[in-house]
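> Numbering (the working numbering), first residue to last: 3 to 323. Ideal Cβ positions, reconstructed from N, Cα and C, are used throughout, including at glycine. Predicted model only: the values in this text are computed from it and were never measured. This is the structure I want to talk about, given as C-alpha cells.
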Amino acid sequence: MDQIIYRVAVIGLGAVGTRMISNMHAHGRFQPVVGFDTSADACSALLAQASGIEVTDNFGKLLDRNDIDVLYVSTPPKSHAEYVRHGLTKGWKIFCEKPLGVDIEDSESLAQEMNAAGLDQGVNFVYSGAPAALRAKQLMDAGLIGKVVGAELDLRFSTWPRGFQAHAPWLGERAEGGFTRECVSHFAYLTMLLLGQPTLKGQAVAHFDTPGGAEDMLQAVWATDAGKVAVSGVVGGDRNDIVSYRILGTNGCLRFDNWYNLLHETRDGSESVLDAEQQLPAAAYKGQLDQLAIQYDTNKQRLATFDDALAVQKLIEKMIT
Numbered sequence: 003m004d005q006i007i008y009r010v011a012v013i014g015l016g017a018v019g020t021r022m023i024s025n026m027h028a029h030g031r032f033q034p035v036v037g038f039d040t041s042a043d044a045c046s047a048l049l050a051q052a053s054g055i056e057v058t059d060n061f062g063k064l065l066d067r068n069d070i071d072v073l074y075v076s077t078p079p080k081s082h083a084e085y086v087r088h089g090l091t092k093g094w095k096i097f098c099e100k101p102l103g104v105d106i107e108d109s110e111s112l113a114q115e116m117n118a119a120g121l122d123q124g125v126n127f128v129y130s131g132a133p134a135a136l137r138a139k140q141l142m143d144a145g146l147i148g149k150v151v152g153a154e155l156d157l158r159f160s161t162w163p164r165g166f167q168a169h170a171p172w173l174g175e176r177a178e179g180g181f182t183r184e185c186v187s188h189f190a191y192l193t194m195l196l197l198g199q200p201t202l203k204g205q206a207v208a209h210f211d212t213p214g215g216a217e218d219m220l221q222a223v224w225a226t227d228a229g230k231v232a233v234s235g236v237v238g239g240d241r242n243d244i245v246s247y248r249i250l251g252t253n254g255c256l257r258f259d260n261w262y263n264l265l266h267e268t269r270d271g272s273e274s275v276l277d278a279e280q281q282l283p284a285a286a287y288k289g290q291l292d293q294l295a296i297q298y299d300t301n302k303q304r305l306a307t308f309d310d311a312l313a314v315q316k317l318i319e320k321m322i323t
C-alpha cells in the first residue's frame, strides 16, 4: 500500500525552519509545499537553495491554500500562538517548535484550544525520536545502570547566540531568547521521559549581564520521582561548547554527550552504546520525523503534546523570571 505524503506549510524560514524543510525533503514522508516569513531576505535565501516549494511573505496567501495537511511553526516563540490559532481555524495538523511560548496564561489557553479542537498536535523536542533517547530508555528498563538516583545537566557555551544563530538576535534577548529556553527545555522534556515530571526545587539562580540581554549563567535543581537533577549553564570563554546530560545510577551512568551520542560510564571508563551513524544529528532529525509520520499514520501520539510543552514552559520560565 502506498504511504501518505503529508503536505506541509512552514512558518518561519530561519535556521530551524530551513533545516526542517531540508530534513523533510530527505525523509520522504513530508512534502513542504509553501514557506512563509515576514523577512524578504529569508524568503530569497530559501528560494536560492530549495526547489519545489512556493515562498511568500504574504500570510493571507498561505491561508488561502486548500492543499495543506500540516502547519509547522518555526518562528520566535511569542508568535507561536498566533500562527497555531490560524492553523486551528483551517483544521490542519499542528507541528510547533518549542518553547510553546513565553506567556504562561496565553500558552495555557492555547493548549486548551488545541485539545478542544481535536486536531493532531506535536511539539518539536528533539529527544522524541533521537536514537540516544530511545536507547537510554531501553538500557534503563533493562537495569544496565541499576537504580536511577538522579541526573546532572551541564551546558557551556563560548558565545550566545551560537554562531549558526547569529542571524537571529532575539535569541540573545531576555524577552524570548536565552539558552534556558532554547536548550535546557530539550533536557527538561528528556527528564520528563526518563525520570518523571521535573519540578523546580527551591530557587534557581540566573544571571543577566546586560539589561534586556538573555541569561549568561544558570544554576538550579529539579526534583523528579527518580531523584534530583542538578542543572548548570554558563556562557563565556574561548572554548568548545559542552552539552552533557548524565543519568546517575547505582551501577554506572548513561551520559548524553554533545546532544546525540550516548555513553555508558562506569569507574573503569566509558564507551558509546550507539553506532557512528546513530550519533549524528541527522539520525535524531530523521527519528523525529519517523515518529511524526507514525503518529499521523496511526492517530496515536508519539511526540510531545501541547500539555507536555506547557509543563516544560512553566518550569523554564520559573527559572529565569
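Tell me which same chain residues have a C-beta within less than 8 Å of the C-beta of K139, skipping the five on either side of it?
So the qualifying residues of the chain are L195, L196.
> Given a cut-off of 8 Å on the beta-carbon distance, is the pair M22 and Y85 in contact?
Not a contact, by the Cβ cut-off of 8 Å.
> Which whole-angstrom value is the C-beta distance of G235 and T182, which I expect to be below 8 Å?
The Cβ separation is near 7 Å, so the contact holds.
> Which class does L265 belong to by DSSP, given the choice of helix, strand or coil?
DSSP places L265 in strand when its eight states are reduced to three.
> Going by beta carbon distance, what residues of the same chain come within less than 6 Å of V314, once the five residues before and after it are set aside?
Cβ neighbours of V314 beyond the five flanking positions: S187, A190, Y191.
> Would you list, in sequence order, the uninterrupted alpha helix (DSSP H) runs of no fewer than 4 residues that lie entirely inside the segment 52 to 104?
DSSP runs (the alpha helix (DSSP H)) wholly in the segment 52 to 104: 61 to 65, 82 to 92.
> Under 8 Å between the Cβ atoms of G229 and V104?
Result no, Cβ atoms of G229 and V104 do not sit closer than 8 Å.
> In chain order, what residues of the same chain have a beta carbon less than 7 Å from the beta carbon of G239, not counting five sequence neighbours either side?
Closer than 7 Å at Cβ, skipping near neighbours: S160.
> Take A144 and list the residues in its own chain whose beta-carbon comes closer than 7 Å to its own, dropping the five residues that flank it on each side.
There are no such residues.
> Can you give, in chain order, each stretch of the alpha helix (DSSP H) that sits fully within the segment 97 to 178 and has at least 4 residues?
The qualifying runs are 106 to 119, 133 to 143.
> Taking only the alpha-carbon atoms, compute the straight-line gap between I6 and I244 and give it to the nearest angstrom.
In a straight line, the C-alpha of I6 is about 40 Å away from that of I244.
> Pick out the complete beta strand (DSSP E) segments inside the segment 246 to 294, 3 residues or longer, and give them in chain order.
Fully enclosed beta strand (DSSP E) runs of 3 or longer: 254 to 259, 263 to 268, 271 to 274.
> Can L294 and F97 be called in contact, C-beta distance under 8 Å?
Their beta carbons are under 8 Å apart, which means L294 touches F97 by this criterion.
> Measuring alpha carbon to alpha carbon, tell me which residue in T201, R87, N242 is nearest W224.
Considering only alpha carbons, the answer is T201.
> Consult DSSP for L192 and reduce its assignment to one of helix, strand or coil.
L192: helix per DSSP, three-state reduction.
> With C-beta atoms as the reference, is L15 less than 8 Å away from A42?
Not in contact: L15 and A42 (Cβ atoms no closer than 8 Å).
> Please determine if the segment 304 to 320 and the segment 105 to 116 are in contact, where contact requires at least 3 C-beta pairs separated by less than 8 Å.
With a cut-off of 8 Å, the segment 105 to 116 and the segment 304 to 320 count as touching, because enough Cβ pairs lie within range.
> Excluding the five sequence neighbours on either side, which residues of its own chain have a C-beta within less than 6 Å of the C-beta of Q290, listed in chain order?
Same-chain partners within the cutoff: S130, G131.
> Identify whether G37 lies in helix, strand or coil by the three-state DSSP scheme.
In this structure, G37 counts as strand in the three-state DSSP scheme.
> Start and end of the alpha helix (DSSP H) containing G19?
Residues 17 to 29.
> Distance check for E99 and S246, CA to CA, integer angstroms please.
Answer to the nearest angstrom: the Cα atoms are 22 Å apart.
> Answer yes or no: do R257 and R248 have a C-beta to C-beta separation smaller than 8 Å?
Yes, these two residues count as a Cβ contact at 8 Å.
> Could you give the first and the last residue of the continuous beta strand (DSSP E) run that contains I13?
Looking at the DSSP string, the run of the beta strand (DSSP E) that includes I13 is 8 to 13.
> Kindly confirm or deny that the segment 62 to 74 and the segment 44 to 53 touch, where touching means at least three C-beta pairs closer than 8 Å.
Segments in contact, no.
> Compare the Cα-Cα distances from D122 to each of A168, Y298, G54 and report the closest residue.
For the residues A168, Y298, G54, the minimum Cα distance to D122 belongs to Y298.
> Residue range of the beta strand (DSSP E) that K230 falls in?
Note, K230: beta strand (DSSP E), 229 to 237.
> Between I70 and W94, is the Cβ-Cβ spacing less than 8 Å?
Cβ atoms of I70 and W94: closer than 8 Å.
> Please confirm whether G198 and T226 have their CB atoms less than 8 Å apart.
Going by C-beta atoms, G198 is nearer than 8 Å to T226.
> Does the beta-carbon distance from W261 to D218 come in below 8 Å?
Against a cut-off of 8 Å, the Cβ pair of D218 and W261 comes out as no contact.
> At the level of alpha carbons, what is the spacing between L220 and R67?
Computed Cα separation, rounded: 44 Å.
> Check this for me: beta carbons of G180 and I322, under 8 Å apart or not?
Yes. Within cutoff.
> First and last residue of the beta strand (DSSP E) that includes L220?
From DSSP, the beta strand (DSSP E) with L220 extends over 219 to 226.
> Could you pull the start and end residues of the alpha helix (DSSP H) that V186 belongs to?
Element bounds for V186: n/a, residue is neither H nor E.
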